[in-house]
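The numbering of the sequence shown is the numbering used here, which starts it at 206 and goes up by one.
Think of the CB as a built atom: it goes at the ideal place given N, C-alpha and C, for glycine as much as any other residue.
I have placed the structure first, in the form of C-alpha cells, so that the comments after it can refer back to it.
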Amino acid sequence: MPVDKPDTSLEPGPENAAARLRPTVIKPPAKTKTSDSVMERSEEADQRSTAAQMPPIDPATRKIRQENDRHKSTPSTLKPTALPGIERKRIEVGPAHLKKIAPLASPDVVRRAIRILETFVLDAATDRTAVLWGHQLQRQYSDLVSRTLELSHDDLLVKATGYINRMTAILTSIDIQAAADVPAGAGALRQYLKRLNSRIDTPDELESARVELDQLVRLMGSSLEPLLALKETLERHSRRVDDMGLEVEAAALAAEYLSTRFSERRQDLSRRFLERSMSLTQTVAQIRGSSSLRVVQIEQPLSLIAAIQNVALVTVPGWLGGLAAMTTVLRGRHKPTPTEAGELAYELSNIVQQLKV
C-alpha cells in the first residue's frame, strides 16, 4: 500500500528560504497629543503654582523695585568733576576803571580793552606775558604797511600813469598853428628843417601822432575796470589798517591798566606793562599819521579814472577827428583856415590842461 510522502515544500531548506521571507514595515511612533498649546498650558500652570508659592509683595517694596527699574531705563549723565587746585580769578573791570586812565578813549576802544582784560588771569602773569603783550598786533601792522607799499606801486597804476603821461607829451608837442601855416606843397628844404625840430608840425608827423594817440585811447579804455577794482582793494586795506589801530589802542590801554594793578605787588611786571603800553601808543600814532597817505592812495586810481573817462575817452577822440581832417587838407595841397586851426589849437590846450590836473 503506498504511503503518502510528506510535502517537503514547506520544510526549511535553502531552496525555500526566499519563499518564507516577508517584508517588514516599521511604522513611526505615533504622535502624542503634547502640542504647543498643551506646552503653553503647562507653562502657565507652572507659573501659577510658582506665584502661589511666592509670598505677597508689600506696596513699599513694589514701589522701590519700580523706582529701580525706572533708573535702569534712564541713560546715565556725566556730572561735573571737582579737581584739586587753586581757583584762577579773572579781572573784573568796567568802563569806569579805564576811563580814569584814558578819559579821551572812545567807547569802542574801551569795549575792546575790557574784552582783552576779561580773558587775562592775574595769577598767570609772567615776564614773558608782559614782554610779548601786543607784539603780534605790531607784527600784523608791519605786514599791513608792506602791503600798503605794494599797492601804491601796483603795475596797473604805473601803466595807466604812463599812458596819460605819454598822451600829454604827444599833445604838448603838437603845434597846430605851425602845421597850418605850411601846406604840403611847400619846399622840400623847409619840410626837412621842420622835421629836425622837436615839434610835431608836419602832415606826416601829425598822422603818426594821431595813430599813437588812438592806440593810447584804446589802452586807457581797457584799464578802467582794473582801476576800479584796485580802488576797492585800497579802501578795504585802509579799513583794515583803521581797525588794527583800534585793536592796538585797546591793547595799549589794557597794558596801562595792568601796570597800575601790578604796581604794588609786582613792580617788575608793572614796569614792563608800562613799557609795552608806551610802545603800542607809538604804533597808534603811526597808524593815525598814515591816514592822510592812505586817502591819497585811494584818490590816485580815482584821478586816473576821471582823466580817462572825461578826457581820453570823450574829448580826445573828437579832437583826433578834427586833426585827421586837417591832415587830409594839408596833404591835398590846401591850407586850413585860421578859424579851423585856431579851434583845434584851443581844444588841444584844454585837453593838455585837463590831463595835467
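C-beta atoms of residue i and residue j nearer than 7 Å
{"i": "Ser443", "j": "Arg499", "result": "yes"}
{"i": "Leu485", "j": "Ser464", "result": "no"}
{"i": "Ala456", "j": "Gly339", "result": "yes"}
{"i": "Ala365", "j": "Ser427", "result": "no"}
{"i": "Glu461", "j": "Ser475", "result": "no"}
{"i": "Leu433", "j": "Tyr368", "result": "no"}
{"i": "Leu525", "j": "Arg415", "result": "yes"}
{"i": "Asp406", "j": "Ala383", "result": "yes"}
{"i": "Gly527", "j": "Leu549", "result": "yes"}
{"i": "Ala385", "j": "Ala546", "result": "yes"}
{"i": "Val315", "j": "Leu327", "result": "no"}
Nonlocal neighbours in the same chain, by C-beta distance under 8 Å from residue i, ignoring five residues either side
{"i": "Thr239", "result": "Confidence at Thr239 is low in this model, with a pLDDT of 47, below 50, so its placement is unreliable and no value can be given for it."}
{"i": "Tyr551", "result": "none"}
{"i": "Asp209", "result": "Residue placement at Asp209 cannot be trusted, given a pLDDT of 48 that sits under 50; the coordinates are not used to answer."}
{"i": "Asp313", "result": "Leu451"}
{"i": "Ala223", "result": "At Ala223, the pLDDT of 47 sits below 50, so the modelled position is not reliable and the matter cannot be decided from this model."}
{"i": "Phe325", "result": "Arg295, Ile296, Ala459, Leu463"}
Residue span of the alpha helix (DSSP H) that contains residue i, given as start and end
{"i": "Val326", "result": "Note, Val326: premise wrong, no alpha helix (DSSP H); not H, not E."}
{"i": "Arg536", "result": "521 to 536"}
{"i": "Val500", "result": "496 to 512"}
{"i": "Lys436", "result": "429 to 466"}
{"i": "Ala335", "result": "332 to 336"}
{"i": "Thr353", "result": "340 to 357"}
{"i": "Glu545", "result": "543 to 561"}
{"i": "Leu303", "result": "300 to 306"}
In DSSP terms, what residue i is bridged to
{"i": "Ile405", "result": "Ile379"}
Cut-off 6 Å between Cβ atoms - residues of its own chain near residue i, not counting five sequence neighbours on either side
{"i": "Ala459", "result": "Ala318, Ile321, Leu322"}
{"i": "Gln166", "result": "Lying before the first or after the last residue shown, residue 166 is absent from the chain, which here runs from 206 to 562."}
{"i": "Ala335", "result": "Leu474, Arg477, Phe478"}
Contacting residues, own chain, Cβ-Cβ under 7 Å from residue i (five flanking each side not counted)
{"i": "Glu452", "result": "Arg317, Leu342"}
{"i": "Leu507", "result": "Lys436"}
Between the region 504 to 512 and the region 413 to 421, do at least 3 Cβ pairs fall closer than 8 Å?
no
Under 8 Å: do the region 372 to 386 and the region 409 to 416 share three or more Cβ pairs, one atom per stretch?
yes
With contact counted as at least three CB pairs below 8 Å, one residue from each stretch, are the region 533 to 543 and the region 338 to 355 in contact?
no
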